[in-house]
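Asks:
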Amino acid sequence: MKHRRIILGSSDPEIQGEDTEHLETAEVVERYEREEPEDKRLSRTEETEENSTVPTQGLEPTTSAPVLDDTYTYILSRLADVDAAMHRLNVAQYTLDVKTSQLIDRVSRLASKVSETEEAMDIISRINQENRKEIGRLEGCMKGRQLGHKCFLVFRSYETFSEAGKRCKERGGRMAMPRDRKEQEALGEYTRGFFHPGNWPVWLGISDQRSEGLYLFEDGLRVTFFFWRKHFLSSQPDGGKRENCVAMSSDDGDWWDNDCERRMYFVCEFDI
1 MKHRRIILGS
11 SDPEIQGEDT
21 EHLETAEVVE
31 RYEREEPEDK
41 RLSRTEETEE
51 NSTVPTQGLE
61 PTTSAPVLDD
71 TYTYILSRLA
81 DVDAAMHRLN
91 VAQYTLDVKT
101 SQLIDRVSRL
111 ASKVSETEEA
121 MDIISRINQE
131 NRKEIGRLEG
141 CMKGRQLGHK
151 CFLVFRSYET
161 FSEAGKRCKE
171 RGGRMAMPRD
181 RKEQEALGEY
191 TRGFFHPGNW
201 PVWLGISDQR
211 SEGLYLFEDG
221 LRVTFFFWRK
231 HFLSSQPDGG
241 KRENCVAMSS
251 DDGDWWDNDC
261 ERRMYFVCEF
271 DI
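Here the UniProt record's numbering is used: the first residue of the sequence shown is 1, the next is one more, and so on.
#1: Give every residue of the same chain whose Cβ lies closer than 7 Å to the Cβ of V223, excluding the five residues on either side of it in the sequence, and list them in chain order.
#2: Between the Cα of I272 and the Cα atoms of N244, K133, R192 and D251, which residue gives the shortest distance?
#3: Could you check where the beta strand (DSSP E) with C260 kicks off and where it finishes?
#4: How many angstroms separate the CA atom of D219 from the CA atom of H196?
#5: Could you check the C-alpha separation between S112 and M121 for me, to the nearest Å?
#6: Can you tell me where the beta strand (DSSP E) with E159 in it begins and where it stops?
#7: Do you know how far the Cα of N244 is from the Cα of R210?
#8: Cα separation between H87 and Y74?
#9: Quick check: what's the CA-CA separation for K241 versus I123?
#10: Would a C-beta distance cut-off of 7 Å place R192 and S250 closer than the cut-off?
#11: Whole-angstrom Cβ separation of M264 and Y158, contact assumed at under 8 Å?
#12: Do R167 and G136 have their CB atoms nearer than 7 Å?
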């Protein structure tokens, strides 16, 4: 408005003509602004502000290139670190594989040696068993009584029926099994002289443990010859299911049935 007043105060006709023109233009603009809707006026104002905030093309930052270079260098450095770590890991894995292979080889060789040692021990054990059996057979014939192809030997050791059988087997023999009268008489004579003047029962390799009344030798063959005690006061066998193992009296050679868990001396026989 101040500008308008200055222009209107000029005395120059040309200027006064121009003043009139400027005055008319200003009045039109002022009237337009008064009549323009408020929403359009606000839109034009925002548009002007947006245009005023748009940066000039020549004023863009110039630091983006160095930042990209630094990022690229950092990524390359990290990749190099990862590659070095992978290399170290591969070396460690290879070393571990080599050591594992060596350990497996050692364990395999050790297992082979253990197997060889066990085989050697088995062989030695079998040899020892054979030696013990041979010694038992020799002892049985040297200290006992020989009859044909058998040797009988009394053992002064109190054992149950089953333990007596094990002891005879360990020595390479078995419990005495007189299969006929000739063997029975020879065995009776031997035990009578061995225990004289006493009378001691000794286990024989005969029992009916498998089936009551069915007497079998320890080798599984059926007994067909018997030498039971026959007396009006104590006829044998008389124990029923309570007494299933056979013992022989040393003084007369008679057979008695007894409890298999009873402990007494025993007689072994050995093949020559």
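We treat Cβ as the ideally placed atom computed from N, Cα and C, and that holds for glycine. All of these numbers come straight from a predicted model, not from anything done at the bench.
Replies: Reading from the atomic positions:
#1: I206, Y215, L216 and F217
#2: K133
#3: Per DSSP, C260 belongs to no beta strand (DSSP E) and is neither H nor E.
#4: 30 Å
#5: 14 Å
#6: K150 to E159
#7: 9 Å
#8: 20 Å
#9: 43 Å
#10: yes
#11: 6 Å
#12: no
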